[in-house]
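Chemist: The structure is given below, and queries will be raised subsequently.
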Amino acid sequence: MQKSLLFMFLLAGVVFNSFCQTMPTVREIYNFDVNDEFQYREYRPGLPTTYVTRYVITDKYYSASNDTVFYGRYFDNYISTYGYDQPEYYFNSYSDTTYVAKLDSLISTTFSNQYNDSCNTSYDTLYNASNFCGVYSYRHAYCSNCCFEPMFSTTIFGVGIGRTYHYVNYPSHWFEEIKTLFYFKKGDMECGEPDLLAVSVKGHDLNVRTAHIYPNPADNFVYFGKGTLKQNKVSVYNSLGKMVLFLNEYNGEPVNISSLGNGLYFVQMEIENEIHTGKFIINR
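Following our numbering, the numbering of the sequence shown begins with 2 at its first residue and continues without gaps.
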């Protein structure tokens, strides 16, 4: 009787846990909003080149059947590679439109074409990802051709933040690649440290701090910094690296930006021999 009760208790725990750990849908994973921001880093261990992808959601709309969502995105990417004595940066900014279909499918169907047998195995996990500020996540690990020349991969998706991590390791070919989300902002939720490197910032030898910019997104006026600032220089650059605004003595007053068009702008402030950098969006 005691063993039966114990078995029933354990079974109830399994059922309860399975009920609580629900597989997210594609719609839940890719539920973005305008002004959501995402930053990814992609690299291969041992190589000197790193790819940084940074984009902001600028538009969102659904198909007539509500099974496909379309997103407008603004990208401000760069590639860093190390030369003989210092890093070199190559920037690239552009806009595009992408879409996600089959929104009501489970996210696990992404891998429905993978084999599972004695030489090909997968393992799924549902959990709250502490490295993504507790976002409910789905992790899929897969070993392909494990009996001969295995290839290992791990992919993680987070509810409301899309794909957060992708890892591929092909040991027999000396190939390893990692792409990870290191920063995102959704409404009032901000997770990670943003990469604010701009075309105007040269090298890594600056004492760089984060500039406080508000409101963000902005309309016709914006503030740079918190509190009263005296005789501080402020430079504003557009996405092409062109200076569009310069304040030689800024003391905390609202700045009229009505002459600037919609888009992403970078800010560099000189405050007491320190460089403060940041960015803001104009969205009217």
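All C-beta atoms in this analysis are idealised placements derived from N, C-alpha and C, irrespective of residue type, glycine included.
Helix, strand or coil: how does DSSP classify V160 here?
Modeler: Reading the sequence shown from its first residue, position 159 is the one you call residue 160. In the structure shown, V160 sits in coil (DSSP, three-state: anything other than H, G, I, E or B).
Chemist: Quick one: grab the DSSP three-state call for P88.
Modeler: Translated into the one-based positions of the sequence shown, residue 88 becomes position 87. Strand, per DSSP.
Chemist: Alpha carbon to alpha carbon, how far is I179 from D34? Give it in angstroms, no decimals.
Modeler: Position 33 of the sequence shown, counting from 1, holds the residue named residue 34. Position 178 of the sequence shown, counting from 1, holds the residue named residue 179. Looking at the two C-alpha atoms, the distance is approximately 26 Å.
Chemist: Under three-state DSSP, which class holds I30?
Modeler: On the sequence shown, position 29 is the one that residue 30 refers to. Reduced to three states, the DSSP call for I30 is helix.
Chemist: Between the Cα of L197 and the Cα atoms of T278, T82, D37, Y63, which residue gives the shortest distance?
Modeler: Numbered from 1 along the sequence shown, position 196 holds the residue referred to as residue 197. The shortest Cα separation from L197 among T278, T82, D37, Y63 belongs to T278.
Chemist: Grab me the residues of T59's own chain with a C-beta within less than 6 Å of its C-beta, minus the 5 sequence neighbours each way, in chain order.
Modeler: Numbered from 1 along the sequence shown, position 58 holds the residue referred to as residue 59. The residues are G73, Y75.
Chemist: Please report the straight-line C-alpha distance between Y251 and S259, rounded to a whole angstrom.
Modeler: Translated into the one-based positions of the sequence shown, residue 251 becomes position 250. Translated into the one-based positions of the sequence shown, residue 259 becomes position 258. If you take the alpha carbons of Y251 and S259, they lie about 18 Å apart.
Chemist: Going by DSSP in three states, Y266 sits in which element: helix, strand or coil?
Modeler: For the purposes of this step, residue 266 is identified with residue 265 of the sequence shown, where counting begins at 1. Three-state result, Y266: strand.
Chemist: What are the boundary residues of the beta strand (DSSP E) that E178 is part of?
Modeler: In the sequence shown, residue 178 corresponds to position 177, counting from 1. Segment 176–187, the beta strand (DSSP E) holding E178.
Chemist: Would you call N93 buried or exposed, if buried means 16 or more other Cβ atoms sit within 10 Å of its Cβ?
Modeler: For this step, residue 93 is matched to residue 92 along the sequence shown. With fewer than 16 other Cβ atoms within 10 Å, it is exposed.
Chemist: To the nearest angstrom, how far is it from the Cα of G193 to the Cα of F39?
Modeler: On the sequence shown, residue 193 is found 192 positions in, with the first residue counted as 1. On the sequence shown, residue 39 is found 38 positions in, with the first residue counted as 1. Rounded to the nearest angstrom, the two C-alpha atoms are 10 Å apart.
Chemist: Along the chain, which unbroken stretches of the beta strand (DSSP E) at least 3 residues long are found entirely within the stretch 48–83?
Modeler: Within the stretch 48–83, the complete beta strand (DSSP E) runs of at least 3 residues are 50–63, 69–83.
Chemist: Looking only at C-alpha atoms, which of F71, F112, P218, I272 sits nearest to S154?
Modeler: In the sequence shown, counting from the first residue as 1, residue 154 sits at position 153. The shortest C-alpha separation from S154 is found at F112.
Chemist: How would you call H205, buried or exposed, if buried means at least 16 neighbouring beta carbons within 10 angstroms?
Modeler: Locating residue 205 in the sequence shown gives position 204, where the first residue counts as 1. Summary for H205: the model assigns pLDDT 38, below 50, so the residue's position carries little reliability; its value from the coordinates is reported in the next sentence. It counts as exposed.
Chemist: With distances taken Cα to Cα, identify the nearest neighbour of T54 among W175, T181, M190.
Modeler: Counted from its first residue, the sequence shown places residue 54 at position 53. Minimum Cα distance to T54 is reached at T181.
Chemist: Looking only at its own chain, which residues have a Cβ that is under 6 Å from the Cβ of I80, when we skip the five neighbours before and after it?
Modeler: Taking the first residue of the sequence shown as position 1, residue 80 is located at position 79. Excluding residues within five positions, the ones whose Cβ falls inside 6 Å are Y52, Y91.
Chemist: Take S109 and list the residues in its own chain whose beta-carbon comes closer than 8 Å to its own, dropping the five residues that flank it on each side.
Modeler: The residue labelled residue 109 in the question sits at position 108 within the sequence shown. Same-chain partners within the cutoff: M24, D125, Y139, H141.
Chemist: How many Å lie between Y31 and N239 at the Cα?
Modeler: Along the sequence shown, one-based indexing puts residue 31 at 30. Along the sequence shown, one-based indexing puts residue 239 at 238. C-alpha separation (whole angstroms): 29 Å.
Chemist: What is the rounded straight-line gap between the Cα of S131 and the Cα of Y168?
Modeler: The residue labelled residue 131 in the question sits at position 130 within the sequence shown. The residue labelled residue 168 in the question sits at position 167 within the sequence shown. Looking at the two C-alpha atoms, the distance is approximately 18 Å.
Chemist: Given this structure, state the Cα-to-Cα distance separating N121 from T99, to the nearest angstrom.
Modeler: Against the sequence shown, residue 121 aligns to sequence position 120. Against the sequence shown, residue 99 aligns to sequence position 98. Those two C-alpha atoms are separated by around 32 Å.
Chemist: Using 10 angstroms around the beta-carbon of K234, count the other beta-carbons present and answer buried if the total reaches 16, otherwise exposed.
Modeler: The sequence position of residue 234 within the sequence shown is 233, counting from 1. Its Cβ having fewer than 16 others within 10 Å, K234 is exposed.
Chemist: Would you grab the beta carbon distance between A212 and V256 for me? Rounded to a whole angstrom, and I think it's under 8 Å.
Modeler: In the sequence shown, the residue the question calls residue 212 occupies position 211. In the sequence shown, the residue the question calls residue 256 occupies position 255. At roughly 13 Å, the Cβ-Cβ gap does not stay under 8 Å, so A212 and V256 are not in contact.
Chemist: Report back the beta-carbon spacing between I282 and G262 to the nearest angstrom; my notes put them in contact at under 8 Å.
Modeler: For this step, residue 282 is matched to residue 281 along the sequence shown. For this step, residue 262 is matched to residue 261 along the sequence shown. Incorrect: roughly 11 Å between the Cβ atoms, too far for contact.
Chemist: Smallest Cα separation from K133: which of N217, K186, Y224, P216?
Modeler: What you label residue 133 is simply residue 132 of the sequence shown in a count that begins at 1. The sequence given here places Phe at residue 133; Lys does not occur at that position. Nearest option by C-alpha distance: K186.
Chemist: I need the straight-line Cα distance from S66 to N146, nearest angstrom please.
Modeler: Indexing the sequence shown from 1 puts residue 66 at position 65. Indexing the sequence shown from 1 puts residue 146 at position 145. C-alpha separation (whole angstroms): 39 Å.
Chemist: Give the secondary structure of S109 by DSSP, where H, G and I count as helix, E and B as strand, and everything else as coil.
Modeler: Residue 109 sits at position 108 when you count from the first residue of the sequence shown. Of the three classes helix, strand and coil, the one that applies to S109 here is helix, per DSSP.
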